[in-house]
Amino acid sequence: MPGHPSPTSMGLQFPEGFIWGAATSAYQIEGAAATDGRGPSVWDTFAKTPGRVRNGEHGDVAADHYHRWSTDLDLIKELGLRSYRFSIAWPRVVPGGSGPVNRKGLDFYRRLVDGLRERDVTPMVTLYHWDTPQELQDIGGWENRDTAYRFAEYAAVLAEALGDAVPNWLTLNEPKTVVQNGYLYGSHAPGKRDEAAAYVVAHHQLLAHGLAVQAMRPHLSPQTRIGPALNLHPCYPADESAEAQQATVLYDGYENRLYLDPILKGHYPQDVLDDVARFSPMQKHIKDGDLEVISSPVELLAVQYYCPIYVTGAGETVRKHPTSEAFWQQIYPEGMYDILTRIKKDYGDIALTITENGLPCPDVMGPDGTVQDTGRIAFLRDHFAATHRAITDGVNLESYHVWSLMDNFEWQEGYDERWGLVYVDYASQQRTPKASARWYSGVIRDNGL
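In terms of my numbering, the sequence shown opens at residue 9 and continues consecutively.
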């Protein structure tokens, strides 16, 4: 396409059949928060609590995708995306978290999946992207073991309803973020600061993942795949001291191995269990047979990479690279290579998909009606190149989903941060592909950089 940088300037060709896509999540784009029987979620409650979200903003309308889904799918097709990873809102399908299924909610996702397939775009579905039904939260949420069983029931409903029309299912999105932001820092729903509860929540989410895998299997063909979506952070010592090396190992345990090991190896990392025991009763909540459930075989691991972590001898973190508009995001493309090759080395040759990687930019609509987000193009180019190197070195990576398809509600930041390939004017809900979207279309067309 004219007017954008050449996507082939690096001379890198991706393997034949490599799949390029983009990602969203339900609460961030759908809106229609009280439409057609949708129940409230913890994010509805959290966002409307004064002081929780920048500018008091919430997802009642968001990008109005619930009403504009058909034209949004046309846009996905126009941009050339081959895969679309989205999440299903638990409270839209099972408003109370358990009990009656809301047929209107289920029908919305049927239309979405059918619409993607009609446009020759492969749907990739995430069952949980942080929007726990408020009724379940009222009786303990993820602190309550019973929530894991309610999640499995909900997963079975979706597997039965959509089945093999969805070839790739993801159970939980970033359980670590729920643990850390939702229960340690209080910056995400449900807004708690309780480290004792946080790691009980970690276990119950992992149990929910395993129970969901087991509950979905009878409704799916052997070719249909299931896996988790984990945000992984390569951890590096901040200096060459033995103390920093040792502290980094434990930090990596909390960031990565606490989630990877039980799912892919069938046990928790002992160093993390020993450390958690100082402040959380997590181990008392691990029942006989839980690890067998959690490690139910999966065929796919979804990786979400945003930034590295550098650890000092005191167990603190420091910044070594420039940060984006998101205060927590250090820009380090080599971390993508490191985390992908580490997974292969430590966990074997499981099929991998990147389901989130992206950058917030100070995007402004220009007088000519374009958004020139050159910083995002540079960011994606460098991360794609790191990914290409990992594939060349034998990593079994089959697809890449940029975060995000369109600007959306960015959790505690409200609408201030724009992460999308597509610019959303929230007043008019007009969509305008940014320069990065046009550039990405060229990458997809050429399957290379």
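Backbone N, C-alpha and C define an ideal beta-carbon position, used for all residues, glycine too. In this text, all values refer to a predicted model and were calculated from it rather than measured experimentally.
Select from the options the residue whose C-alpha is nearest the C-alpha of residue i.
{"i": "Asp401", "options": "Tyr408, Asp346, Ala55", "result": "Asp346"}
{"i": "Tyr408", "options": "Ile339, Phe26, Asp72", "result": "Phe26"}
{"i": "Phe7", "options": "Cys315, His227, Asp354", "result": "Outside the displayed range of the chain (9 to 457) lies residue 7, so it cannot be described from this structure."}
{"i": "Thr32", "options": "Gly356, Asp390, Asp72, Ser229", "result": "Asp72"}
{"i": "Pro175", "options": "Asn416, Gln338, Val121, Gly45", "result": "Val121"}
{"i": "Thr130", "options": "Leu81, Gly149, Thr440, Gly199", "result": "Leu81"}
{"i": "Ser288", "options": "Glu151, Arg439, Tyr448, Glu248", "result": "Glu151"}
{"i": "Ala160", "options": "Ala435, Thr185, Met224, Asp128", "result": "Met224"}
{"i": "Glu342", "options": "Asp376, Asp390, Leu258", "result": "Asp390"}
{"i": "Leu83", "options": "Lys442, Gly456, Ala435, Gln420", "result": "Lys442"}
{"i": "Phe54", "options": "Gly199, Pro108, Ala163", "result": "Gly199"}
{"i": "Trp98", "options": "Val50, Ala445, Met344, Arg453", "result": "Val50"}
{"i": "Arg60", "options": "Ala163, Glu418, Val208", "result": "Glu418"}
{"i": "Arg93", "options": "Thr155, Gly123, Tyr340, Ala30", "result": "Ala30"}
{"i": "Arg119", "options": "Glu182, Leu20, Lys353, Tyr74", "result": "Tyr74"}
{"i": "Ser91", "options": "Arg384, Glu364, Thr378, Met373", "result": "Glu364"}
{"i": "Asp146", "options": "Glu182, Pro48, Tyr193", "result": "Pro48"}
{"i": "Pro270", "options": "Tyr244, Ala216, Ser195", "result": "Ala216"}
{"i": "Gln254", "options": "Gly321, Arg286, Glu307", "result": "Gly321"}
{"i": "Asn404", "options": "Val379, Ser444, Gly356, Asp154", "result": "Gly356"}
{"i": "Gln380", "options": "Val319, Ala445, Gln420, Ala359", "result": "Ala445"}
{"i": "Val208", "options": "Ala70, Met290, Lys353, Val432", "result": "Met290"}
{"i": "Val319", "options": "Met18, Ser106, Cys243, Arg127", "result": "Cys243"}
Is residue i buried or exposed, if buried means 16 or more other CB atoms sit within 10 Å of its CB?
{"i": "His66", "result": "buried"}
{"i": "Pro392", "result": "A small correction: the amino acid at residue 392 is Phe; Pro does not occupy that position in the sequence shown. Per the 10 Å Cβ criterion, buried."}
{"i": "Asp139", "result": "buried"}
{"i": "Gln188", "result": "buried"}
{"i": "Val101", "result": "buried"}
{"i": "Ile234", "result": "buried"}
{"i": "Glu263", "result": "buried"}
{"i": "Ala310", "result": "buried"}
{"i": "His275", "result": "exposed"}
{"i": "Thr57", "result": "exposed"}
{"i": "Lys184", "result": "buried"}
{"i": "Thr361", "result": "buried"}
{"i": "Asp260", "result": "buried"}
{"i": "Pro23", "result": "exposed"}
{"i": "Arg453", "result": "exposed"}
{"i": "Thr256", "result": "buried"}
{"i": "Gly377", "result": "exposed"}
{"i": "Asp52", "result": "buried"}
{"i": "Gly374", "result": "exposed"}
{"i": "Gly107", "result": "exposed"}
{"i": "Trp447", "result": "buried"}
How far does the beta strand (DSSP E) with residue i in it reach, from first residue to last?
{"i": "Ile234", "result": "233–239"}
{"i": "Leu192", "result": "First-last for Leu192: undefined, no H or E at that position."}
{"i": "Phe94", "result": "91–95"}
{"i": "Val403", "result": "First-last for Val403: undefined, no H or E at that position."}
{"i": "Ile317", "result": "317–319"}
{"i": "Gln312", "result": "308–312"}
{"i": "Arg446", "result": "Premise fails: Arg446 lies in the alpha helix (DSSP H), 443–454, not in any beta strand (DSSP E)."}
{"i": "Thr179", "result": "176–181"}
{"i": "Ala163", "result": "Premise fails: Ala163 lies in the alpha helix (DSSP H), 154–170, not in any beta strand (DSSP E)."}
Grab the span of the alpha helix (DSSP H) containing residue i for me, first residue to last.
{"i": "Val209", "result": "203–224"}
{"i": "Trp98", "result": "98–101"}
{"i": "Thr331", "result": "Careful: Thr331 lies outside any alpha helix (DSSP H) and carries neither H nor E."}
{"i": "His75", "result": "73–87"}
{"i": "Leu144", "result": "142–145"}
{"i": "Ile294", "result": "Element bounds for Ile294: n/a, residue is neither H nor E."}
{"i": "Ala173", "result": "Where Ala173 is concerned, there is no enclosing alpha helix (DSSP H), given that its DSSP letter is neither H nor E."}
{"i": "Tyr35", "result": "34–37"}
Does the contact criterion of 3 or more C-beta pairs under 8 Å hold for the region 422–429 versus the region 365–378? The region 422–429 makes contact with the region 365–378, as at least three CB pairs between them are under 8 Å.
Is there contact between the region 233–240 and the region 322–342, where contact requires at least three CB pairs shorter than 8 Å? Contact between the region 233–240 and the region 322–342 is absent, with fewer than three C-beta pairs closer than 8 Å.
Between the region 159–171 and the region 105–121, can you find at least three pairs of beta-carbon atoms closer than 8 Å? Note that the region 105–121 touches the region 159–171; at least 3 beta-carbon pairs, one per stretch, sit closer than 8 Å.
Would you call the region 405–419 and the region 32–49 touching, i.e. three or more CB-CB distances under 8 Å? By the Cβ criterion, the region 405–419 is in contact with the region 32–49, since at least three pairs of Cβ atoms, one from each stretch, lie closer than 8 Å.
Three or more C-beta pairs closer than 8 Å, one from the region 219–239 and one from the region 279–298: is that the case here? No: fewer than three Cβ pairs fall under 8 Å.
Whole beta strand (DSSP E) runs in the region 322–394 with 3 or more residues, listed along the chain? Taking 3 residues as the minimum length, the beta strand (DSSP E) runs contained wholly in the region 322–394 are 359–364, in order along the chain.
Please give me, in chain order, every unbroken run of the beta strand (DSSP E) with length at least 3 that falls completely inside the region 110–143. Correct list: 130–136.
Can you list, in chain order, the stretches of the alpha helix (DSSP H) that have 4 or more residues and sit fully within the region 236–278? The DSSP assignment places 250–260, 266–272 as complete runs of the alpha helix (DSSP H) inside the region 236–278, in order along the chain (cut-off: 4 residues).
At least 3 beta-carbon pairs within less than 8 Å: the region 180–195 vs the region 40–48: Contact fails: fewer than three Cβ-Cβ distances are below 8 Å.
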